[in-house]
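Asker: Oh and the sequence shown: position 14 is 19 in the numbering used here, straight run, nothing missing. So that we are looking at the same thing, I have put the structure below in structure tokens.
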Amino acid sequence: MKKFVIVSMIILSALSLFGQKHDKIYFSGSVKGFVNTPCVVCDFSMEGVEPDTLKVAANGTFSKEYMLSRAKEVFLKIGEGKQTKFYVAYFVPGKSLHVDFVAEGESVIPHYSGDTGKETAYLNLHRELITLSPMFSAQAWQVVPDFKACVRYVDEKLVPIKEALDKVDDKVFVEKEKKGLKNELASHYFSYADAKQKIGVDMEKDVDFMKYVKGIDFNDTLQERALMYYLNWYVGAHPNLYPKGMPVNAVKLRCLKTFVSNQDMRNKVARTLLTAHLFMQMLGANISETLPCVYREYLDVSTDAQTCEYARAQLKIIDNTAVGTDAADLKMVDINGKSFSLKDVVGKGKYTYIDFWATWCGPCCKEIPFIEKLVAKYKDHSVIRFVSISIDTDIAAWKKKLITDKPTWEQYLIPEANQKTCAEIYGITNIPRFMIFDKEGKMMDASAPRPSETKTDELLNGLK
6 MKKFVIVSMI ILSALSLFGQ KHDKIYFSGS VKGFVNTPCV VCDFSMEGVE
56 PDTLKVAANG TFSKEYMLSR AKEVFLKIGE GKQTKFYVAY FVPGKSLHVD
106 FVAEGESVIP HYSGDTGKET AYLNLHRELI TLSPMFSAQA WQVVPDFKAC
156 VRYVDEKLVP IKEALDKVDD KVFVEKEKKG LKNELASHYF SYADAKQKIG
206 VDMEKDVDFM KYVKGIDFND TLQERALMYY LNWYVGAHPN LYPKGMPVNA
256 VKLRCLKTFV SNQDMRNKVA RTLLTAHLFM QMLGANISET LPCVYREYLD
306 VSTDAQTCEY ARAQLKIIDN TAVGTDAADL KMVDINGKSF SLKDVVGKGK
356 YTYIDFWATW CGPCCKEIPF IEKLVAKYKD HSVIRFVSIS IDTDIAAWKK
406 KLITDKPTWE QYLIPEANQK TCAEIYGITN IPRFMIFDKE GKMMDASAPR
456 PSETKTDELL NGLK
């Protein structure tokens, strides 16, 4: 099965630099107490914007003006290599920020001032005490006896964060961060429950925890994150709830249908769960066996037309490329214009190694000499044959290539009118693509190795 690759392009930040009204950010600061003048870098983490290494003057000061159209959190890096320290700066168009970095032994103490100094101080304290801190880790939760104690623990730890936020004057910023802190409560509470559950504590017997859970309206779209945390905990707390081997995200999708009646909420969370499963593939996981189940559970709970159409199309491809599936009735023609069908070409008592290609495809053409070598090596092999199928739209170019190269193996072309069908049946959107069908004309490998790969020869040599 052709791997599905999610391409998520975060372009809003980059676009904000163009075609919109911009204003200056006044950024300044100093470095004090360092043995050697450290490197100070301002990293916008934006598409197309390189990190900016600031020039530090002989007296340890630096300053720079930037143009932005909206408020943005920016990374500040001070030092080099393993000694690099990271901080967050809050830039707002038309306002200033000043940061003094003071070295005290091996530590660096930042002091924030200027128009957005308080916001910057808050963001760095939040990062230090929550984002990077182990105080809400599974290990930390072990010593917290019950959910009521968990609530007290969280409240206590958040005191300095809330005090820092109270010093901020920007009401829009404060309101946004308060909502964020409220959402984070669910994260802390369910991470506590999950940690306890993993060491054998039945959290469903904790009256206060269950009271908290029952107080959440999972049909409220504002509770999407809380619902995700709940699903994570619930599925982990009930390992025998569904058949063994059922993918976790498929289980969550099934639970979603049970717990939530608001279809908008179902659609939002279902899409998040499906995307999470597909993202695992980007991280190198083989999800080919679990994906069909996740797609089917998604279709059972979601009514999002676009994503459901995509899921159904992917299931069709998965079914058509499954081992043992009969070859499709895919219409093709030879160089003389005679019509054929893929299902009639493969099989006939021989294994068929198929190359999907086009004359305009450089990587495809680079594989042709290797196919020629395989054809020559196995010309006397009674059970292996080679077939090339072009998806050229320029038929004349295809015929010219064949006349020039004079390939000794079978050549076909899928007419342009049938190429969409080819993509729908086998998911062939990138070439070259190679497949192997068995002696009965059934799918053996829908993503076979290329002729240039050593394992291809080893694979073919093992066919009997």
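Each residue gets a CB set at the ideal place from its N, CA and C atoms; glycine is no exception.
Using a 10 Å radius around the Cβ and a threshold of 16 neighbouring Cβ atoms, would you call F223 buried or exposed?
Answerer: By the 10 Å Cβ count, F223 comes out buried.
Asker: Who pairs with Q416 in a beta bridge, going by DSSP?
Answerer: Answer by DSSP bridge pairing, in chain order: S393.
Asker: If you scan the region 421 to 461 from start to end, which runs of the alpha helix (DSSP H) of 4 or more residues do you find wholly inside it?
Answerer: Counting only runs of 4 or more, we get 421 to 431.
Asker: Alpha carbon to alpha carbon, how far is S50 from I15? Give it in angstroms, no decimals.
Answerer: Here the model assigns I15 a pLDDT of 33, short of 50, so the residue's position is not dependable, and the following value carries that caveat. In a straight line, the C-alpha of I15 is about 11 Å away from that of S50.
Asker: Assign R157 to buried or exposed, taking buried as 16 or more other Cβ atoms, counted over all protein chains shown, within 10 Å of its Cβ.
Answerer: R157 should be labelled exposed.
Asker: Strictly by DSSP, which residues pair up with I83?
Answerer: Paired residue(s): V45, K90.
Asker: Can the beta-carbon of M72 be found closer than 8 Å to that of K100?
Answerer: The answer is no: Cβ separation not under 8 Å.
Asker: Which residue spans inside the region 354 to 406 form an unbroken alpha helix (DSSP H) run of at least 4?
Answerer: The qualifying runs are 367 to 382.
Asker: Just to confirm, are G119 and L137 a CB contact at a threshold of 8 Å?
Answerer: Taking 8 Å as the Cβ cut-off, G119 and L137 do not qualify as a contacting pair.
Asker: Name the residue from G110, K90, D175 whose alpha carbon lies nearest to the alpha carbon of F80.
Answerer: Checking every option, the nearest Cα to that of F80 belongs to K90.
Asker: What is the DSSP secondary structure of G34, counted as helix, strand or coil?
Answerer: Note: G34 maps to strand in three-state DSSP.
Asker: Could you give the residue range of the alpha helix (DSSP H) that holds T312?
Answerer: Element bounds for T312: 310 to 325.
Asker: Could you have a look at A62 and say whether DSSP puts it in helix, strand or coil?
Answerer: DSSP places A62 in coil when its eight states are reduced to three.
Asker: Is it buried or exposed for N435, if we count other Cβ within 10 angstroms and need 16 for buried?
Answerer: Exposed, since its Cβ has fewer than 16 Cβ neighbours within 10 Å.
Asker: What does the alpha-carbon distance come out to for the pair T295 and P368?
Answerer: About 31 Å.
Asker: Secondary structure at P297, three-state DSSP: helix, strand or coil?
Answerer: Helix, per DSSP.
Asker: What's the gap between the Cα of L232 and the Cα of S266?
Answerer: Cα-Cα distance, rounded: 13 Å.
Asker: So is Q416 buried or exposed if we call it buried at 16+ other beta carbons inside 10 Å?
Answerer: Label assigned to Q416: buried.
Asker: What three-state label does DSSP hand A108 in the structure shown?
Answerer: Residue state, collapsed to three classes: strand.
Asker: Are the CB atoms of H116 and V159 within a distance shorter than 8 Å?
Answerer: Not in contact: V159 and H116 (Cβ atoms no closer than 8 Å).
Asker: Less than 8 Å between the CB atoms is what I'm expecting for E302 and M270, so what's the real figure, rounded?
Answerer: Actually they are not in contact, since the Cβ atoms of E302 and M270 sit about 16 Å apart, beyond 8 Å.
Asker: Between I204 and I322, what straight-line distance do the alpha-carbon atoms span, to the nearest angstrom?
Answerer: Their backbone Cα atoms lie some 42 Å apart in a straight line.
Asker: May I ask you to verify whether the region 303 to 310 touches the region 416 to 427, counting CB pairs closer than 8 Å and requiring at least 3?
Answerer: The region 303 to 310 is not in contact with the region 416 to 427.
Asker: May I have the straight-line CA-CA distance separating N423 from K444, to the nearest angstrom?
Answerer: Answer to the nearest angstrom: the Cα atoms are 25 Å apart.
Asker: Under three-state DSSP, which class holds I408?
Answerer: DSSP places I408 in helix when its eight states are reduced to three.
Asker: Can you name the start and end residues of the alpha helix (DSSP H) that F39 belongs to?
Answerer: Premise fails: F39 is in no alpha helix (DSSP H) and is neither H nor E.
Asker: Identify the residues that DSSP records as bridge partners of M72: which are they?
Answerer: Paired residue(s): K29.
Asker: With DSSP as the reference, label V218 as helix, strand or coil.
Answerer: Reduced to three states, the DSSP call for V218 is helix.
Asker: Less than 7 Å between C-beta atoms, sequence neighbours within five positions excluded: which residues of the same chain meet that for K8?
Answerer: Caution applies to K8, whose pLDDT of 40 falls short of 50 and renders its modelled position unreliable; the value that the coordinates give is listed next. Cβ within range, chain order: Q286.
Asker: What is the DSSP secondary structure of D225, counted as helix, strand or coil?
Answerer: Correct three-state label for D225: coil.
Asker: Are at least three pairs of beta-carbons, each pair with one atom in the region 339 to 347 and one in the region 361 to 379, less than 8 Å apart?
Answerer: Output reads no: the region 361 to 379 does not touch the region 339 to 347.
Asker: Could you tell me whether the Cβ atoms of I433 and F345 are closer together than 8 Å?
Answerer: It is not a contact, given that the beta carbons lie outside the stated cut-off.
Asker: Which of the three DSSP states, helix, strand or coil, is assigned to V274?
Answerer: Reduced to three states, the DSSP call for V274 is helix.
Asker: How big is the Cα-Cα spacing for A94 and T125?
Answerer: Cα to Cα, the separation comes out at about 5 Å.
Asker: Mind checking F32: buried by the 16 CB within 10 Å criterion, or exposed?
Answerer: The residue is buried, with at least 16 neighbouring Cβ atoms inside 10 Å.
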